[in-house]
Every structure is written in C-alpha cells, then in structure tokens.
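Residue numbers (the numbering used here): 2 to 85.
Backbone N, C-alpha and C define an ideal beta-carbon position, used for all residues, glycine too.
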Amino acid sequence: MDAEKAQAYWKENIRTIIGLLVVWFVVSLGAGVLFINQLNAIEISGVKLGFWFAQQGSIYAFVLLIFVYVYKMQKIDEKYGVDE
C-alpha cells in the first residue's frame, strides 16, 4: 500500500473511532448522569429508564459498539484491500 492510501486508511479508521467514542460518551455520561432526570420519567417494567441506562443499558451499548466497530473496520479493510 502506498503512503497516500495508507494515510487515507488511517484517517478513516481514526474518524470511525472518534465517532464511536462520541456515542460511548453520550451513552455513558449523557444517559447515565446528565439526562437521568428526564430518562427517569419513563418507566419500563417498573424500572426507571435513567437507572436502567446507568446500570445495564450502557453495558449493552458498549457491547453493541464493539460489534459496530468490527463491522465498520471490515468494510474499511475491504475498501483499501487489506482484508484477510
């Protein structure tokens, strides 16, 4: 891979990581701390949504982010010809 293509590959990789980190930040801090009062107005099966996000929802979101990262990186790898 030439230097220009490698730079474009890493730029797209970093952009993907930053985007996923923003989602992680919003879910962990936003849903678990900042917007907890608004989310607690909603109840699911008797559990307030803000509490659920702080305890369980953020974990599910983090695991989902891992799968999204793997999927996106496979597409990027295929695009630049570095897939397995």
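Outcome for residue i when other beta-carbon atoms lying within 10 angstroms are tallied against a minimum of 16
i: A32; result: buried
i: V71; result: exposed
i: F68; result: exposed
i: V23; result: exposed
i: G47; result: exposed
From the options, residue whose alpha carbon lies closest to that of residue i
i: M74; options: K12, A4, E5 and D3; result: K12
i: Y61; options: E85, N41, V71 and W25; result: W25
The ligand ZN heavy atom lying under 8 Å from the CB of residue i
i: E44; result: Among the components of this structure there are no ligands whatsoever, and the ligand ZN is therefore not found.
Proximity below 9 Å, CB of residue i to CB of residue j
i: L35; j: K49; result: no
Residue i - DSSP class collapsed to helix/strand/coil
i: I45; result: strand
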